[in-house]
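Numbering (mature numbering (1 follows the signal peptide of the UniProt record, and there is no 0)), first residue to last: -24 to -1, 1 to 436.
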């Protein structure tokens, strides 16, 4: 009996060893573990799930807001000085936000927050009690959280300033309240103190980031934002603290605010799907655009026009998560519009007699519904290293009103600079992945649901 049990035990051990060997050969699980990764859904700012949702806004009002926001944001992104001293424009000189919100919970009381995703900002900040009268509920109160502590800036890399973001480590009361920070957005601002806190992400709040340095804002002027989730590259950014060199996002159908599969991934297991092109990593992210094609026609532009000059910090195409519209140099946009008019004419869609005008520039708009644009030729963005982004009409045109659509492109001259900006209309229905360490940008047209399925729906 003992011998039989011993034989059975040996048999079980062999089965276990075979199972371990087969598992090792098979390799890792298809879905990455949440350890050292954050996978979360993103909420369209115009969705009913958004704290900024306004059910009375019409298609035209939403378009006007997104268009104006693109310009005010572009002014902010392309300037490292006070915008008010550089330009005189009827566009509000404040960096408004649109696009997508990152949901998470903060502190021991797990206060839910929705912050604007911003690849062009480095600092993560939220509204804190006490705060201004415009702050949206619920407002995080550090005094009620057992996991909050003051950041007194003992670490040298925290004391960092660049452009509109400044962190003051010399204030005499920083030991009590934490060192101060301020971010200037054109003619408005945000200011407060730095602290450290626990942040929770994911559907089940099981992706926990403890001891994260962040901006606890007590004054945001006349703005009612919950805060900004900065994914820019600065020493105090979320990416730097999380030790993540990769992140990606996927924006689905922007015309459907309730599209449920928009998502953000951060961490070592972020996949770099599709074509790859060199990425210039500064505090923001730039790529080199080589050519633009519409159907079989390629624009006659200089190949050096879109190249980033890292010494002068000029040129290139800034990849932005928060701008609805794309910006191109006027000389390029003029030729683009000419070819577009010819292609649209063949579709028998009339040019709109009503113009949408910004600082003397009239957007190219047409009368009709988006469904009639399906035969429009594909637009191709040719990036360095033969990386081609093929765009369909929904990436090139945007609905501006009932029975009215416009080119989703504005001239860079509106910003007073020659820098191009790749907006999120052109990025929709692509997975866009950033590798900061490898200095690469990867993009692939795909369903955001398939991205979510890969990373694992249960983790979102």
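Beta carbons: idealized from backbone N, C-alpha and C, even for Gly.
{"Item": "Under the assumption that residue 225 contacts residue 93 (Cβ atoms under 8 Å), give the Cβ distance between them as a whole number of angstroms.", "Value": "7 Å"}
{"Item": "Look up residue 306 in the DSSP assignment and say whether it is helix, strand or coil.", "Value": "helix"}
{"Item": "Where residue 387 and residue 227 are concerned, what is the direct C-alpha to C-alpha distance, given to the nearest angstrom?", "Value": "24 Å"}
{"Item": "In the DSSP output, what is residue 400 paired with across the bridge?", "Value": "In the DSSP output, where bridge partners are listed per residue, residue 400 has none listed."}
{"Item": "Using a threshold of 8 Å, is the CB atom of residue 351 nearer than that to any non-hydrogen atom of the ligand GDP?", "Value": "Of the ligands one can find in the structure shown there are none, so the ligand GDP has no counterpart to examine."}
{"Item": "Could you check how far apart the C-beta atoms of residue 164 and residue 197 are, in whole angstroms? I think they sit under 8 Å.", "Value": "4 Å"}
{"Item": "With residue 177 and residue 307 assumed to form a contact (beta carbons below 8 Å), what rounded beta-carbon distance in angstroms separates them?", "Value": "With 8 Å as the limit, residue 177 and residue 307 do not qualify as a contact, their Cβ atoms being about 44 Å apart."}
{"Item": "Cα separation between residue 42 and residue 341?", "Value": "16 Å"}
{"Item": "To which residues does DSSP link residue 89 through a beta bridge?", "Value": "80"}
{"Item": "Could you tell me if residue 347 is buried or exposed, where buried requires 16 or more neighbouring beta carbons within 10 angstroms of its beta carbon?", "Value": "exposed"}
{"Item": "Specify the secondary structure class of residue 52 as computed by DSSP and reduced to three states.", "Value": "helix"}
{"Item": "Any idea which residues DSSP pairs residue 263 with across the strands?", "Value": "293"}
{"Item": "Is the beta carbon of residue 23 sitting closer than 9 Å to the one on residue 301?", "Value": "no"}
{"Item": "What are the boundary residues of the beta strand (DSSP E) that residue 356 is part of?", "Value": "355 to 359"}
{"Item": "Using a Cβ-Cβ cut-off of 6 Å (strictly less than) and excluding sequence neighbours within five positions of residue 356, which residues of its own chain qualify?", "Value": "269, 364 and 366"}
{"Item": "Do the region 26 to 44 and the region 269 to 282 make contact, defined as three or more Cβ pairs closer than 8 Å?", "Value": "no"}
{"Item": "Between which residues of its own chain and residue 274 is the CB-CB distance below 6 Å, once the five residues before and five after are set aside?", "Value": "267"}
{"Item": "Alpha carbon to alpha carbon, what distance is there between residue 403 and residue 376?", "Value": "18 Å"}
{"Item": "Check the C-beta distance from residue 98 over to residue 221 and give it rounded, since I have them as a contact under 8 Å.", "Value": "Residue 98 to residue 221, Cβ: 15 Å. No contact."}
{"Item": "Check each candidate in 73, 326, 245 and 414 and name the one with the smallest Cα separation from residue 21.", "Value": "73"}
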